[in-house]
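Data block below; observations after.
Residue numbers (UniProt numbering): 1 to 234.
The following block contains the structure:
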């Protein structure tokens, strides 16, 4: 069994691997999910929404509850747009449609993630046997730290804070991170993409009793199917 963390990056996907008999974290980049050599026994946590809500289920209950758990860092969780708006071909059309459907606009950042959201959906439709779970690195970090991580992950202090947190749990990624930095260009993958993937791999490797998800009490079956997973070590 392997525990896997995945984060989107400019290259495609940043993947962190942990084998069941090791605390070593390895990194690889892949252009598409279907190119990743998954095994049926892998436990995979991915920082990408699984489930774009219909209009009547917007906003997702998971997004709302995740923001509450993160407090001042809640803005790091975006609301996954209503699915019909994401089916438009341009940002201006999608944004206008989303305003009409929900009375809320859509950020360009979220719009640019739409292809990856659809890629995840398509992947799971073809490979439903793969254990792929939506997660959020900031929520995972908060759970391991017993408080939200207040230093921004793109800053040196934020990178250090997250790597030290992983080290506290027995996962020293310094060497593998440096190997990845020598292997891949920063225009292909940012430092925080690699660290986020490592956080998710460590979360996937955590004891089952640490694992939780939001929403805690889903309002209906639609909301129950759109969960964000995280860990609490206390």
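Beta carbons are placed, not taken as given, at the ideal position from N, Cα and C, and that holds for glycine.
Quantities reported herein were computed from a predicted structural model and do not represent experimental measurements.
Which residue comes first and which comes last in the alpha helix (DSSP H) that contains residue 120?
Residue numbering aside, residue 120 sits at position 120 when the chain shown is read from its first letter. Per DSSP, residue 120 belongs to the alpha helix (DSSP H) from 108–126.
Below 8 Å on the Cβ atoms is my contact criterion, and I expect residue 210 with residue 233 to pass it. Report the Cβ-Cβ distance as a whole number of Å.
Your numbering for residue 210 matches position 210 in the chain shown. Your numbering for residue 233 matches position 233 in the chain shown. That pair is a contact at about 6 Å.
Candidates 226, 222, 23: which alpha carbon is nearest residue 214's?
On the chain shown, position 214 is the one that residue 214 refers to. Residue 214 has its Cα closest to that of 226, out of 226, 222, 23.
Once DSSP output is grouped into helix, strand and coil, what is the label at residue 153?
For the purposes of this step, residue 153 is taken as residue 153 along the chain shown, with counting starting at 1. Three-state DSSP puts residue 153 in coil, outside helix and strand.
Are the Cβ atoms of residue 173 and residue 44 separated by less than 8 Å?
Walking along the chain shown from the start, residue 173 turns up at place 173. Walking along the chain shown from the start, residue 44 turns up at place 44. No, they are not a contact pair.
Residue 102 lies in the alpha helix (DSSP H); which residues open and close that run?
Walking along the chain shown from the start, residue 102 turns up at place 102. From DSSP, the alpha helix (DSSP H) with residue 102 extends over 91–102.
Pick from 112, 149, 27: whose alpha carbon is nearest that of residue 72?
As a working mapping, residue 72 is identified with position 72 in the chain shown. The option with the nearest alpha carbon to residue 72 is 149.
On the DSSP letters alone, give me the boundaries of the beta strand (DSSP E) that residue 178 sits inside.
Here residue 178 corresponds to residue number 178 of the chain shown, with the count starting at 1. Note, residue 178: premise wrong, no beta strand (DSSP E); alpha helix (DSSP H) at 174–183.
Pair every Cβ in the stretch 195–204 with every Cβ in the stretch 3–21, then say whether three or more of these pairs are closer than 8 Å.
In short, these stretches touch, since the Cβ pair count reaches three.
Which residues mark the beginning and the end of the beta strand (DSSP E) in which residue 211 is found?
Walking along the chain shown from the start, residue 211 turns up at place 211. From DSSP, the beta strand (DSSP E) with residue 211 extends over 211–214.
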